[in-house]
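The sequence shown begins at 1 in UniProt numbering and counts up by one.
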Amino acid sequence: MSMNENAVALRFADRATAYQALSDLRHLHSATVEVRGAVLIERLEDGTVRVPEGLETAAGRHTAVGGLVGSLVGILGGPLGVLTGWGIGAVIGSGYDYKRAEEATGTVTLFTQHMPPGGTAILAEVRESDPQPLDLLAMRYDAVLERRPSDSVRAELKAMEEAADAIRKEETKERRDRKRTETEQKIKDGVAQLKQKIAG
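Set out below in structure tokens:
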């Protein structure tokens, strides 16, 4: 049987249930499922993201800091989180490249759009040949389970980074142009004042 690599999100009605499910996820390894990394995330009332708990591998290595899960968490908690509605401010408020940035956030937004402030979820990367063990875990804890192919999520994360880079470059150019315009105006004003003094 072939193994599918998926990014999964499990959304929970309450925090305690999510912690228990993360604990059970640690023991889900079997011939049909390998959990490669997982984190519990909380969306605070102000909309920011907190990562209170991660899954450790058998070797004790914390997997939340790397790989696909780490990238997703970095997106949600960092500047790119603004693109998915998880941050404060408006990176794309100027409208520059809005369509490209909007398209680039589709998959990540699907994982998070139904998680309101105060909500709790588990983001995980799994290899599975049989979806049943994870489906049963979700049913046991009355969690909403979503799966996306890991490759498509990685491609989207790359597109998000490229869109954010393009936006940052445009903002830098706009700041530079604005500063140049302000400097030119100051010079013109200075010349005009000097001419008035000479004429007066």
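Cβ atoms here follow ideal geometry from the backbone N, Cα and C, with glycine treated the same way.
Let's test the definition: count the other Cβ atoms within 10 Å of the Cβ of residue i and tell me whether it reaches 16, buried, or not, exposed.
{"i": "Gly37", "result": "buried"}
{"i": "Leu44", "result": "exposed"}
{"i": "Ala90", "result": "Confidence is the limiting factor: at Ala90 the pLDDT is only 30, short of 50, which leaves the residue's position unreliable and the question unanswerable from this model."}
{"i": "Ile41", "result": "buried"}
{"i": "Thr181", "result": "exposed"}
{"i": "Ala143", "result": "buried"}
{"i": "Ala163", "result": "buried"}
{"i": "Val191", "result": "exposed"}
Quick one, which of the options has its alpha-carbon nearest residue i's?
{"i": "Leu123", "options": "Asp189, Glu184, Leu134", "result": "Leu134"}
{"i": "Arg127", "options": "Arg147, Ala138, Asp177, Arg140", "result": "Arg147"}
{"i": "Leu10", "options": "Asp46, Leu136, Asp130, His29", "result": "Leu136"}
{"i": "Ala13", "options": "Ala31, Tyr141, His29", "result": "Tyr141"}
{"i": "Asp130", "options": "Lys158, Glu174, Arg15, Thr32", "result": "Thr32"}
{"i": "Ala18", "options": "Ala121, Val153, Arg26, Ser2", "result": "Ala121"}
For residue i, which residues does DSSP report across the bridge?
{"i": "Glu128", "result": "Asn4, Val33"}
{"i": "Pro149", "result": "Asn6"}
{"i": "Ala121", "result": "Arg11, Ile41"}
{"i": "Val144", "result": "Arg11"}
Please go through the same chain and pick out, in chain order, the residues whose beta-carbon is closer than 8 Å to the beta-carbon of residue i, but skip the five residues on each side of it.
{"i": "Glu125", "result": "Glu5, Asn6, Ala7, Val8, Val35, Arg36, Gly37, Ala38, Gly67, Leu68, Val69, Ser150"}
{"i": "Leu28", "result": "Val35, Pro133, Leu134, Leu137"}
{"i": "Pro117", "result": "Arg43, Leu44, Glu45, Asp46, Gly47"}
{"i": "Ala155", "result": "none"}
Can you list, in chain order, the residues of its chain with a C-beta nearer than 6 Å to that of residue i? Leave out the 5 residues immediately preceding and following it.
{"i": "Leu145", "result": "Leu10, Ala138"}
{"i": "Glu171", "result": "none"}
Once you ignore the five residues that flank residue i on each side, which residues in its own chain have a CB closer than 7 Å to its CB?
{"i": "Gly119", "result": "Arg11, Arg43"}
{"i": "Ser30", "result": "Pro133"}
{"i": "Gly93", "result": "Low confidence applies here, because Gly93 scores a pLDDT of 34, under 50, leaving its location unreliable; read the following figure in that light. There are no such residues."}
Check your understanding: Can you find at least 3 beta carbon pairs, one from the stretch 159–174 and one from the stretch 9–27, that sit closer than 8 Å?
Key -> Taking 8 Å as the limit for Cβ pairs, the verdict is that the stretch 9–27 does not touch the stretch 159–174.
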